[in-house]
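Asks: Quick note: the sequence shown uses the numbering used here, first residue 1330, plus one each step.
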Amino acid sequence: MQTITLAPRLDLSQVRPLATTLREASGTDLVIDASGVTHLGGLAFQVIASAAKDAQAAGTSFTITPRSEAFEQALELFGLVPADLQTGEAA
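Spelled out as C-alpha cells, the structure:
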C-alpha cells in the first residue's frame, strides 16, 4: 500500500505533477492523504477521479483519508461524496 500526500493547493500548476504521481503509483493499493488540502480545482479533481476509476478497473483499493474540510466541501460542490471516489476495502 502506498500513501500519496496531496499538495495544499491543487490548482492548474499541480495537475501535471499530480497526474504523474498517480500514474506512477497505478496498479498498487493507494491511500490519498487529503488532510492538508485547502483548494481543490476542477482539473485536479478530474485527475483524482480518473485515478479512482483506474483503480477500480484494476481491482486495487483507492482510499482518500484523512480529508480536510476544504477537500470535502469541494467534492460536495462537484456533486460527490468521498465514497464515490473510493474503491476496495474503504468503499
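The C-beta atom is built at its ideal place from N, Cα and C for all residues, glycine as well.
#1: Quick check on VAL1360: does DSSP put it in helix, strand or coil?
#2: From GLU1405 to LEU1369, what does the alpha carbon distance come to, in whole angstroms?
#3: Taking its Cβ as the centre, do 16 or more other Cβ atoms sit within 10 Å of LEU1339, making it buried, or is it exposed?
#4: Mind reading off the beta-carbon distance from LEU1414 to ALA1378? Whole number of angstroms is fine, and I expect it under 8 Å.
#5: Rounded to the nearest angstrom, what separates PRO1337 and GLY1365 at their Cα positions?
#6: Excluding the five sequence neighbours on either side, which residues of its own chain have a C-beta within less than 6 Å of the C-beta of ASP1358, listed in chain order?
Replies: In brief:
#1: Note: VAL1360 maps to strand in three-state DSSP.
#2: Here the alpha carbon of GLU1405 sits roughly 11 Å from the alpha carbon of LEU1369.
#3: With a threshold of 16 other beta carbon atoms within 10 Å, LEU1339 meets it and is buried.
#4: In this structure LEU1414 is in contact with ALA1378, their Cβ atoms being roughly 6 Å apart against a cut-off of 8 Å.
#5: For the pair PRO1337 and GLY1365, the Cα-to-Cα distance works out to about 5 Å.
#6: The residues MET1330, THR1389 and SER1390, in chain order, have a CB closer than 6 Å to that of ASP1358 in the same chain once the five nearest residues on each side in sequence are set aside.
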